[in-house]
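Peer 1: Going by the working numbering, the sequence shown opens with residue 1, and the numbers climb by one from there. All C-beta atoms in this analysis are idealised placements derived from N, C-alpha and C, irrespective of residue type, glycine included. Every value quoted in this text rests on a predicted model; they were computed, and no experiment measured them.
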Amino acid sequence: MSTRPILIIPEPKLRTLSEPVGKIDSEVRKLVEDMFDTMYEAPGIGLAAIQVGEQKRVITIDIAREGEGKQPVALINPEIIAESEETSFYKEGCLSIPDYYEDVERPARITVRFQDVEGAVREVEADGLFATCVQHEIDHLNGVLFIDHLSKLKRDRVVKKFTKMARREAVL
Ligand code: GNR
Ligand code: NI
């Protein structure tokens, strides 16, 4: 079991574009394992590799509730290939923006194509919390955070607060 530190805004790495994964080798599989350990410990329902500083198109998700048994899903090189016109709102949070939650509107249903850890290409239709989470994580791979879907006023306010906190910690 090894967890990795989670990057917090305004860490510039969180704004970078992650690179597609080529060969799914032991290094990628180790990254996936560490991401699950980190995500479960946090705890969170999803994690993108860039949140632990790895610029790779890898995400982990488990939306099972407590006591439901684990439902770990790793998606490598995920792509949304279809999305519904219909949207839904979900109160989102992010491990890279601790203790901040806001409603975000996104397509209610999506089809996502990805590779599993064996390298097999798969397509899955998602709705509900799973659809929201996949979209939130793919945003991370593109340097996008859920606060980018809010008003500039709300976004600026959050970024400012975390920038101040980071500065204070740097001084101490
Ligand atoms: O743990 C998380 N919860 C969550 C809730 C609603 C919508 C998205 C998420 S993802 C988040 C973990 C995280 O930051 N993933 O990038
Ligand atoms: Ni997040």
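(1) Check whether the Cβ atoms of residue 63 and residue 45 lie closer than 7 Å to each other.
(2) Just the C-alpha distance for residue 83 and residue 61, rounded to the nearest angstrom, thanks.
(3) Tell me which same chain residues have a C-beta within less than 7 Å of the C-beta of residue 26, skipping the five on either side of it?
(4) So residue 101 and residue 132 are supposed to be a Cβ contact under 8 Å. How far apart are they, rounded?
(5) Return helix, strand or coil for residue 31, following the three-state DSSP convention.
(6) Check whether the Cβ atoms of residue 76 and residue 115 sit closer than 7 Å, and answer yes or no.
(7) Report yes if the C-beta of residue 133 is less than 6 Å from at least one heavy atom of the ligand NI; otherwise report no.
(8) List, from N- to C-terminal side, the beta strand (DSSP E) runs of 3 residues or more that fit wholly inside the segment 92-132.
(9) State the DSSP-derived secondary structure class of residue 87, mapped to helix, strand or coil.
(10) Using the Cα positions of residue 157 and residue 134, report the straight-line distance between them to the nearest angstrom.
(11) Taking the straight line between their C-alpha atoms, what separation do you get for residue 41 and residue 12?
Peer 2: The structure says:
(1) As a working mapping, residue 63 is identified with position 63 in the sequence shown. As a working mapping, residue 45 is identified with position 45 in the sequence shown. Their beta carbons are under 7 Å apart, which means residue 63 touches residue 45 by this criterion.
(2) To locate residue 83, count along the sequence shown from 1; it is residue 83. To locate residue 61, count along the sequence shown from 1; it is residue 61. So the two alpha carbons sit approximately 19 Å from each other.
(3) Here residue 26 refers to the residue found at position 26 when the sequence shown is read from its first residue. Cβ within range, chain order: n/a, list empty.
(4) Translated into positions along the sequence shown, residue 101 becomes position 101. Translated into positions along the sequence shown, residue 132 becomes position 132. Actually they are not in contact, since the Cβ atoms of residue 101 and residue 132 sit about 13 Å apart, beyond 8 Å.
(5) Walking along the sequence shown from the start, residue 31 turns up at place 31. Under the three-state reduction of DSSP output, residue 31 falls in the helix class.
(6) Here residue 76 is taken as the residue at index 76 of the sequence shown, counted from 1. Here residue 115 is taken as the residue at index 115 of the sequence shown, counted from 1. With contacts defined by Cβ atoms closer than 7 Å, residue 76 and residue 115 form a contacting pair.
(7) For this step, residue 133 is matched to residue 133 along the sequence shown. Every heavy atom of the ligand NI is 6 Å or more from the Cβ of residue 133, so no.
(8) The segment 92-132 contains these whole beta strand (DSSP E) runs: 97-107, 109-115, 121-127.
(9) Numbered from 1 along the sequence shown, position 87 holds the residue referred to as residue 87. Note: residue 87 maps to strand in three-state DSSP.
(10) Taking the sequence shown and counting its residues from 1, the one referred to as residue 157 is at position 157. Taking the sequence shown and counting its residues from 1, the one referred to as residue 134 is at position 134. Across the structure, residue 157 and residue 134 are spaced so that their CA atoms are roughly 26 Å apart.
(11) In the sequence shown, the residue the question calls residue 41 occupies position 41. In the sequence shown, the residue the question calls residue 12 occupies position 12. Looking at the backbone, the Cα of residue 41 and that of residue 12 are separated by about 24 Å.
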